[in-house]
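Per our numbering, residue 76 is the first one in the sequence shown, and the count goes up by one each step.
Just so it is clear, CB atoms sit at the ideal spot from N, CA and C, and this is done for glycine as well.
Please read these numbers as outputs of a predicted model, since none were measured by experiment.
Worksheet for the structure shown next.
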Amino acid sequence: MTHTGIPLERCLDAASEDVDPISNGLAAGAHSMNAQHQSIQDRSALFAGERCLKIQGVPLLAYCRPGDLKKPLVLFLTGGGILARIAYGHPQGEASDFLDYWLDKRGWGLVTATYPGDHPVFATPKPDLGLEEWASALAGLVTETVGEGGKRPIIACGWSMGGKLVFALTRALRLRGQALECFVSFCATPPFPRIDGGLTPSESLLSNGLWNLSSGKRDGSTRDERWLEELLAIAGLEGRSIIEPEAFRNLYRTNAPPGLWGPELDPYFKGEQPQDLSRALREARVFSGDDYPICAAIVPVDPRDYRHALADEAVWGGITVKGLLHTVMPKLAASQLPTHDWVRLRACVLDAPRRLTRHLPGGHFFFLGACGARATVAHLIELRDEVQRLEAFFGTLNCTGSSS
């Protein structure tokens, strides 16, 4: 891989003195003593293409490869507990195992950023960071990449918790004069409150105020255990290891600002005060139809990630349909369309969730490994074509309606 470690210089003052709880994460037997005690200085080195920035007061670890300016720019939204490096890799890895390599092959650009957690690339975390503020910072990064007043197709790919940003990001880009062409879910979770919230919060916070991603359990396993299982499964599919467990722990793992989880009816974290739900919903833009983009999904098929495997087509397809009802249908005056056009419109909208979904082998990390990353990018290109066909179809109806 072409990445090289670069000493940390700039907007980060010093390594955080907080104890790193991640060292207790991925099964101890999988790590050598040297890996467990890798120095803070080594872990704080930047990779080629990375920059430490501060946008609107928000520190972030940014990566930008513009690509062909006539082709789409992918904004990768990383999930909870894992640096955005998951999209472009690490110095000891194979470049072809990551999305950035295959996007570059197609001329597409990539911009992404990691939120300020407790990984040593950040001097201090920002535990009070919320969805609206983070979305605004990311929109600023996109604007810097394309230039003020610059126009370029922007496709957001939200992985896991990255889906919580979908509506707030759409609005933040719009306020900067940029348009999100579409959102693509990679096992993403939208910012709707859970329907299975209970009286006992399932997650906990660290003393520094960050979400302790190592603490929660689901289906009897911790996240670190599930992530290790995912890495092993991808290694099985690819025939070799993609990210060694110690590299994953040292170079990829972090803890996250809890506000990036978004609105909940009941406290999600132990000791957390109840949210101002109305404010949280408004900041996440949960019920703002103006901010519902066309959404596609690349969905894993393995039962390890059964929630996304079973639900993502319906969840993200439903958001697309709701967005169309709010933003497109009023312009078409659907109730006044000729019967032929109405039949075509109905068939198109009902079929949209299926057409905007692709499936791949694997679980939550389906986009890792040369086979997975290459197939994911191929599906991204197909899905963008589907989005353009959908928009072109509505354009023909609009012309028909305006001339009748």
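Identity of the residues DSSP links to residue i by a beta bridge
i, result
"R382", "Partner(s): none; R382 has no beta bridge."
"C127", "L136"
"W234", "F261"
"K297", "With the sequence shown as reference, residue 297 is identified as Thr, and Lys is not the correct amino acid for it. Its beta-bridge partners are K292."
"W286", "L280 and A331"
"C423", "For C423, which the question treats as bridged, DSSP gives no partner whatsoever."
"Q374", "Before going on, a small fix: residue 374 reads as Val here, not Gln. Answer by DSSP bridge pairing, in chain order: H434."
"L248", "Looking at the DSSP assignment, L248 forms no beta bridge with any residue, so it has no partner."
"L255", "I229"
"I157", "R328"
"F344", "E278"
Separation of residue j from residue i, as counted between CA atoms
i, j, result
"G104", "N287", "Any reading at G104 must be qualified, since the residue scores a pLDDT of 36, below 50, and its modelled position is unreliable; the value itself is stated next. About 21 Å."
"L455", "G142", "16 Å"
"G291", "F442", "24 Å"
"F242", "A384", "22 Å"
"R227", "A372", "21 Å"
"L255", "L312", "33 Å"
"Y381", "L204", "30 Å"
"G182", "V462", "19 Å"
"K145", "L185", "13 Å"
"Q253", "T153", "21 Å"
"Q348", "A445", "44 Å"
"A308", "T414", "51 Å"
"A448", "D172", "6 Å"
"P265", "W234", "10 Å"
"G80", "L326", "Note that G80 scores 37 on pLDDT, short of 50, meaning its location in the model is unreliable and no value can be drawn from it."
"D299", "L412", "54 Å"
"P147", "A450", "17 Å"
"Q167", "L306", "16 Å"
"A137", "G156", "16 Å"
"E304", "Q131", "38 Å"
"I317", "H434", "21 Å"
"L135", "Y190", "5 Å"
"V133", "A210", "11 Å"
"D377", "A231", "24 Å"
"P320", "G215", "33 Å"
"T471", "A212", "36 Å"
"A159", "A409", "42 Å"
Residue i burial status per 10 Å Cβ neighbour count (16 or more: buried)
i, result
"R459", "buried"
"F362", "exposed"
"L465", "buried"
"A102", "In this prediction, A102 scores a pLDDT of 37, lower than 50, which makes its location untrustworthy; the coordinate-derived value is nonetheless stated afterwards. Exposed, because fewer than 16 other Cβ atoms sit within 10 Å of the Cβ of A102."
"V149", "buried"
"I394", "buried"
"I97", "Here I97 scores only 41 on pLDDT, less than 50, and its place in the model is too uncertain to base an answer on."
"E223", "exposed"
"R324", "buried"
"G346", "exposed"
"D426", "exposed"
"R354", "exposed"
"D366", "buried"
"D351", "exposed"
"V221", "buried"
"D193", "buried"
"V390", "buried"
"R315", "exposed"
"A247", "buried"
"H112", "With a pLDDT of only 42 at H112, under 50, the local geometry of the prediction cannot be trusted, and no value is derived from it."
Limits of the beta strand (DSSP E) - the one that residue i falls within
i, result
"F151", "L148 to L152"
"L185", "G184 to T189"
"G433", "First, the amino acid is wrong: residue 433 is Arg here, not Gly. Its beta strand (DSSP E) spans residues T432 to L435."
Start and end residues, alpha helix (DSSP H) containing residue i
i, result
"T199", "Unbroken run through T199: none, as it is neither H nor E."
"P405", "M404 to L407"
"R324", "P320 to L326"
"K180", "L174 to K180"
"W209", "L206 to V221"
"E358", "L352 to A359"
Contacting residues, own chain, Cβ-Cβ under 8 Å from residue i (five flanking each side not counted)
i, result
"V424", "V396 and L399"
"R429", "E388 and G392"
"A359", "L206, E207, K239, F242, A243, P266, G337 and P338"
Residues near residue i by beta carbon distance below 6 Å, same chain, minus five either side
i, result
"E278", "G291, Y343 and F344"
"L356", "P338"
Own chain, CB closer than 7 Å to residue i, minus 5 neighbours either side, in chain order
i, result
"T218", "R251 and Q253"
"R140", "G124, D175, D179, G184 and L185"
"R301", "none"
"G237", "L152, T153, G154 and A263"
"V403", "F469"
"T245", "L255, D366 and P368"
"V268", "Reading off the sequence, residue 268 comes out as Pro, not Val. Hits under 7 Å: P338, E339 and L340."
"A310", "S316 and I317"
Residue i at chain C interface by Cβ criterion, 8 Å
i, result
"G142", "Any reference to chain C falls outside this structure, which holds one protein chain only."
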